[in-house]
Amino acid sequence: HPRMTAAELALIRDGATEAAADGPPPALAALLRSPAVWAIIVCHFAANWGNYVLLAWMPTYINKGLGVDFASVGLITMIPSLVAFVAMNAGGWMADRLIQSGMEVTRVRKLMQTIGFGGLAAVLAVVGYVESVPLAIALMSLGNFFGGATAGGFGVNHLDIAPRGAGIIMGLSNTAATIPGIVGVYASGLILQATGSWTLVFQTAAAVLIFGLIVYLLFASARKLFD
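First residue of the sequence shown: -19, per our numbering; consecutive thereafter.
The following block contains the structure:
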């Protein structure tokens, strides 16, 4: 490509050589002893807590929390998902540009994660206070805009630390990330039943995101830890 730099070409060649090299993936026990692996797992769990809660409870929130028939506003509820689609692509692009500019990869991953989880948590902390559907949808869209930054954070961190073990790490983190689909949705229902507060439901999701962010900032790494 005419705009490809020499450094980018070298990186592609090195990566191709590395991927083609023979060798077994890292042992599962070794991966599970790595704090950096657990940072990814915790972040995936936290991300899906927010995702599943919004996915499962949005129709009920609009109908009972805001008092609007969901069918009458169904079309605009697509907007947050469309924003997420664009933002995820933009987040990956932004992370690549920062790395190409010379920023250390671990810093890039943590910066993108901070934007993603920090921004989404801030939105979830306040969205329960709004009283109109358009504003609620706008805030959720803003949250997804921030959340897209995680595509350049934990979402690709598997490949940084263990090129040959990335699939195993993804399997571990994705397994953990299915748990909120059961626990998170159920816990949110219990909170709503006990308190009647949508604000508390969303703020609980925000707290889980902040916990995931703290773990990531403390333990994540983009150094190659496993051959």
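Note that beta-carbon positions come from the ideal geometry of N, C-alpha and C, so glycine has one too.
Asked, Found
"Let me know the secondary structure DSSP gives Pro5 once reduced to three states.", "coil"
"Using 8 Å for Cβ pairs, my map puts Leu197 next to Lys90. What's the rounded Cβ distance?", "6 Å"
"DSSP state of Asp49, grouped into three classes?", "coil"
"Pull up the CB-CB distance for Ala156 and Ile21, whole angstroms please, since I reckon it's below 8 Å.", "5 Å"
"Using C-beta distances below 7 Å, list every residue in its chain close to Ile117, excluding the 5 sequence neighbours before and after it, in chain order.", "Ile56, Thr57, Ile59, Pro60"
"Where does Ser201 fall in DSSP's three states?", "coil"
"Count the other CB atoms within 10 Å of the CB of Leu115; is the residue buried (16 or more) or exposed (fewer)?", "exposed"
"Using DSSP with H/G/I as helix, E/B as strand and the rest coil, what is Leu180?", "helix"
"May I have the straight-line CA-CA distance separating Tyr32 from Pro4, to the nearest angstrom?", "35 Å"
"Can you find a heavy atom of the ligand PLP that lies under 6 Å from the Cβ of Phe25?", "Because no ligand of any kind appears in the structure shown, any question about the ligand PLP cannot be addressed here."
"Grouping DSSP H, G and I as helix and E and B as strand, with all else coil, what is Arg89?", "helix"
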